[in-house]
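Asks: Handing you a structure now.
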Amino acid sequence: MAKYELAHKAVEDLTGIWEYTIEQWSEQQADSYYNLLLDSCQDIANDPGLGKNYDGITKDLFGLKTSRHIIFY
């Protein structure tokens with residue numbers, strides 16, 4: 413299993429997503445979605461080729477769509 417490290421901004425974004433989800437739905441849903449996003453981060457670490465190339469935005473930018481979010485790396 414490959415290791416990954418989240419940028420400070422990514423941690424802030426995940427916290428915001430969790431807080432929004434708990435306000436709109438439930439703590440259980442917030443935890444579930446948070447874990448889904450972290451699982452996707454691990455998937456990217458294990459296979460960086462999973463994501464779509466977003467060179468149109470900036471060079472060497474990739475992203476993996478996970479539900480309603482895109483994880484950029």
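Per the numbering used here, the very first residue in the sequence shown carries number 413; after that it's consecutive.
The C-beta atom is built at its ideal place from N, Cα and C for all residues, glycine as well.
(1) Could you check where the alpha helix (DSSP H) with G428 kicks off and where it finishes?
(2) Using only the alpha-carbon positions, how far apart do D451 and T478 sit?
(3) Between the alpha carbons of I482 and K415, how many angstroms are there, rounded?
(4) Reducing DSSP to helix, strand and coil, say where L473 ends up.
(5) Under a Cβ-count criterion, where at least 16 other Cβ atoms within 10 Å of its own Cβ denotes burial, should Y432 be classed as buried or exposed?
Replies: The short version:
(1) H420 to Q436
(2) 10 Å
(3) 20 Å
(4) coil
(5) exposed
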